Ligand SMILES: Nc1ncnc2c1ncn2[C@@H]1O[C@H](COP(=O)(O)OP(=O)(O)OP(=O)(O)O)[C@@H](O)[C@H]1O
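In the UniProt record's numbering, the protein residues as written are 1 to 341.
Written out as structure tokens, the structure reads:
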């Protein structure tokens, strides 16, 4: 069954188009990760999916019905869909009362809402905190309580905005487990649907069946993973495009200003950090290996060089490199790999 169907959905803020989606389909019971660099429109899309903000234009169908952005309709939709913010705000009362809030607003009896709140706190491992003041919790604990608070509303769809971005490793592991368990749960009409934004490709593959890539508000396929925003700068030695904070790549163009660059994964070489290799003297960047996965005869490597970058190594090259996830390597991007989009 269709969950969402977005058609020609655009969001414009102050004359700038920050979301520009021609067509996006999501299925009920699915789990989706929204991936994309900072400012690519993930939060904006989540707010639209949560019916918190109407898009500037376009049409959304939810469970097969065209969404009318009228309060009487939205109240019903917001009961089915809940969003857990990246930085949730707790009311200055106990954790338990915070979690009971949603069911209370939905007219659930005192006994039932207490039961629901206790159950949900248990599921996020926060029962021991039930009577503590909620506004004094740490970031990770707050995130867990916010998830319990959302679950207590018995939604059909749960949206999470970077659920593990601002939490420590221990809380990350708990939240990971809670989302995995939610995927197995039965919601009101079958399995609950989950959509979350993340910067972490590993988390996306672990927790979601489907990945949706956003770049400057538009959908890009997985092939667009090395499609990056850049700033083209003309200098004495020719033009460079700057990606992330300070990664400068040579390009041949007379243009300057903002642009997009595509970096071909197969033309990115990796070398040990300490290698006195002549090839590493030119355009060397230091990158941390975030993920390595076998892909046919090759190994796909996800790197962090200040921006996420995917490379493709042959198994021989990977063996020769002899590096593991978490290690730093020298990254050489062949000039042929760099194409302005
Ligand atoms: N209310 C607003 N008014 C004006 N601009 C906005 C507003 N909300 C978001 N934006 C802009 O829209 C763009 C997309 O922002 P959004 O928060 O959706 O991106 P994101 O992918 O969630 O980023 P991050 O990963 O940093 O959270 C950004 O350039 C942001 O500055």
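Just so you know, even glycine gets a beta-carbon here, dropped at the ideal spot from N, CA and C. Predicted model only: the values in this text are computed from it and were never measured.
Nearest-angstrom beta carbon gap, residue j and residue i [assumed within contact, 8 Å]
i           : j           : result
residue 135 : residue 92  : 5 Å
residue 87  : residue 138 : Actually they are not in contact, since the Cβ atoms of residue 87 and residue 138 sit about 12 Å apart, beyond 8 Å.
residue 266 : residue 312 : 5 Å
residue 20  : residue 218 : 5 Å
residue 175 : residue 147 : 7 Å
residue 233 : residue 256 : 6 Å
residue 35  : residue 212 : 7 Å
residue 152 : residue 204 : Contact doesn't hold; Cβ gap of about 26 Å is too wide.
Contact check, residue i vs residue j, beta carbons under 7 Å
i           : j           : result
residue 82  : residue 158 : yes
residue 338 : residue 268 : no
residue 11  : residue 43  : no
residue 192 : residue 207 : no
residue 331 : residue 289 : no
residue 113 : residue 104 : yes
residue 307 : residue 244 : yes
residue 58  : residue 9   : yes
residue 303 : residue 41  : no
residue 108 : residue 149 : no
residue 61  : residue 5   : yes
Rounded straight-line distance, which links the Cα of residue j to that of residue i
i           : j           : result
residue 37  : residue 3   : 25 Å
residue 239 : residue 249 : 8 Å
residue 94  : residue 200 : 32 Å
residue 209 : residue 32  : 6 Å
residue 278 : residue 271 : With a pLDDT of 47 at residue 278, under the threshold of 50, the modelled position of this residue cannot be trusted; read the value that follows with caution. Distance between the alpha carbons of residue 278 and residue 271 is about 11 Å.
residue 295 : residue 317 : 14 Å
residue 227 : residue 285 : 18 Å
residue 67  : residue 323 : 50 Å
residue 171 : residue 130 : 17 Å
residue 310 : residue 292 : 10 Å
residue 140 : residue 335 : 43 Å
residue 342 : residue 177 : The structure shown does not extend to residue 342, since the chain is modelled only from 1 to 341, so the question has no answer here.
residue 79  : residue 314 : 50 Å
residue 7   : residue 220 : 16 Å
residue 63  : residue 144 : 28 Å
residue 184 : residue 121 : 18 Å
residue 162 : residue 50  : 15 Å
residue 133 : residue 89  : 13 Å
residue 28  : residue 237 : 54 Å
residue 179 : residue 160 : 10 Å
residue 301 : residue 102 : 43 Å
residue 154 : residue 84  : 13 Å
residue 333 : residue 325 : 20 Å
residue 202 : residue 327 : 16 Å
residue 119 : residue 142 : 17 Å
Proximity test, Cβ basis, 7 Å: residue i and chain B
i           : result
residue 308 : Among the chains of the structure shown, chain B does not appear; only one protein chain is present.
Status (buried if at least 16 other CB within 10 Å, exposed otherwise) for residue i
i           : result
residue 287 : buried
residue 299 : buried
residue 274 : exposed
residue 169 : exposed
residue 14  : exposed
residue 281 : Note that residue 281 has pLDDT 48, beneath the 50 cutoff, so the model's placement of it is unreliable and the number below is only indicative. When all chains shown are included, residue 281 counts as exposed.
residue 55  : buried
residue 253 : exposed
Residue i beta carbon near ligand 3 (any heavy atom closer than 6 Å)
i          : result
residue 40 : By its list of ligands, the structure shown excludes ligand 3, since it contains just ligand 1.
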